[in-house]
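Here the structure comes first, spelled out in structure tokens, and everything after it is commentary.
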Amino acid sequence: MEMADSEKIAPARDPGSTRAKILDAALSAFSRKGYHDTRLDDIVDESTTSKGAIYFHFANKERLFLALVDQFADLLERRVLEAIAGQAQGMGRVQVALETVLETFGRYRRPAKILLVQAVGLGSVFETKRAEVNERFARLIETYLNEAIAIGDIAPIDTEVVAHAWMGAIYGLVIRWVTTGEPEPPRIISTLVPLLLRSVGSEAQ
Numbered sequence: 178m179e180m181a182d183s184e185k186i187a188p189a190r191d192p193g194s195t196r197a198k199i200l201d202a203a204l205s206a207f208s209r210k211g212y213h214d215t216r217l218d219d220i221v222d223e224s225t226t227s228k229g230a231i232y233f234h235f236a237n238k239e240r241l242f243l244a245l246v247d248q249f250a251d252l253l254e255r256r257v258l259e260a261i262a263g264q265a266q267g268m269g270r271v272q273v274a275l276e277t278v279l280e281t282f283g284r285y286r287r288p289a290k291i292l293l294v295q296a297v298g299l300g301s302v303f304e305t306k307r308a309e310v311n312e313r314f315a316r317l318i319e320t321y322l323n324e325a326i327a328i329g330d331i332a333p334i335d336t337e338v339v340a341h342a343w344m345g346a347i348y349g350l351v352i353r354w355v356t357t358g359e360p361e362p363p364r365i366i367s368t369l370v371p372l373l374l375r376s377v378g379s380e381a382q
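Our numbering applies: residue 178 is where the sequence shown begins, and numbers increase by one.
The following block contains the structure:
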């Protein structure tokens, strides 16, 4: 069963702020009309603000879109950190982090589709941002793998290579799901997480 979409990415900032209203409105407009067909006037109408307010916070539509990517990345990281807060160091923490990332994508399919699929049309600007976000989460995974090695949960491995390989697998399946609807997140989690853990000599709990 597919997890329900969320219309908004819950921000860490005050949701009543002008910037948050603009981001929420932009996400809604992009989801209806697509990035390229959305005009700033559409976002003004949706947010009940003004072009001046938009330009105060964002230099242009592209920067507004990239801010949404950052907001979604912040949400993912926040969910991971909250989920592992009660977990001891080791592969249990790695497993929870992987599951949380995939579950979060599952709850936010619509924003994920906009930010991952439509963003491709932005060219090198988005590729730079995508690489930045990918590196951010690869380093997070690398940190948890290094902790697992330090306490003897798994044998020493090249955690940098493994973390980036795992991110590639996650990204590929998430892109396929948001564009085709298959495989659904529960299926991805039940198959991919054990596969990734076994690749470093661990078993899912």
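Here a beta-carbon is modelled for each residue, glycine too, at the ideal position from N, C-alpha and C.
Just curious, the alpha helix (DSSP H) that residue i is in, first and last residue?
i: residue 248; result: 238 to 261
i: residue 220; result: 217 to 224
i: residue 211; result: Neither: residue 211 is in no alpha helix (DSSP H) and is coded neither H nor E.
i: residue 288; result: 286 to 293
i: residue 230; result: 228 to 234
i: residue 315; result: 301 to 327
Quick check: residue i and residue j, are their CB atoms within less than 8 Å of each other?
i: residue 288; j: residue 235; result: no
i: residue 351; j: residue 293; result: yes
i: residue 217; j: residue 198; result: no
i: residue 322; j: residue 271; result: yes
i: residue 167; j: residue 295; result: No statement about residue 167 is possible, as the shown extent of the chain runs from 178 to 382 and does not include it.
i: residue 365; j: residue 354; result: yes
i: residue 325; j: residue 267; result: yes
i: residue 245; j: residue 200; result: yes
i: residue 208; j: residue 291; result: yes
Run through DSSP, which three-state label would residue i get?
i: residue 341; result: helix
i: residue 377; result: coil
i: residue 205; result: helix
i: residue 361; result: coil
i: residue 352; result: helix
i: residue 267; result: coil
i: residue 194; result: coil
i: residue 332; result: coil
i: residue 368; result: helix
i: residue 272; result: helix
i: residue 281; result: helix
Determine, using beta carbons only, whether residue i comes closer than 8 Å to chain C.
i: residue 259; result: No chain C appears in the structure shown, which is made up of a single protein chain.
Does the pairing of the stretch 340 to 356 with the stretch 298 to 317 give three or more beta-carbon distances under 8 Å?
Put simply, the stretch 340 to 356 touches the stretch 298 to 317. At least three CB pairs are less than 8 Å apart.
Counting beta carbon pairs with one atom in the stretch 348 to 359 and one in the stretch 319 to 333, are three or more of them shorter than 8 Å?
The count of Cβ pairs closer than 8 Å, one atom from the stretch 319 to 333 and one from the stretch 348 to 359, stays below three, leaving the stretches out of contact.
Would the stretch 362 to 371 and the stretch 271 to 288 be scored as touching if the rule is three or more Cβ pairs under 8 Å?
Output reads yes: the stretch 271 to 288 touches the stretch 362 to 371.
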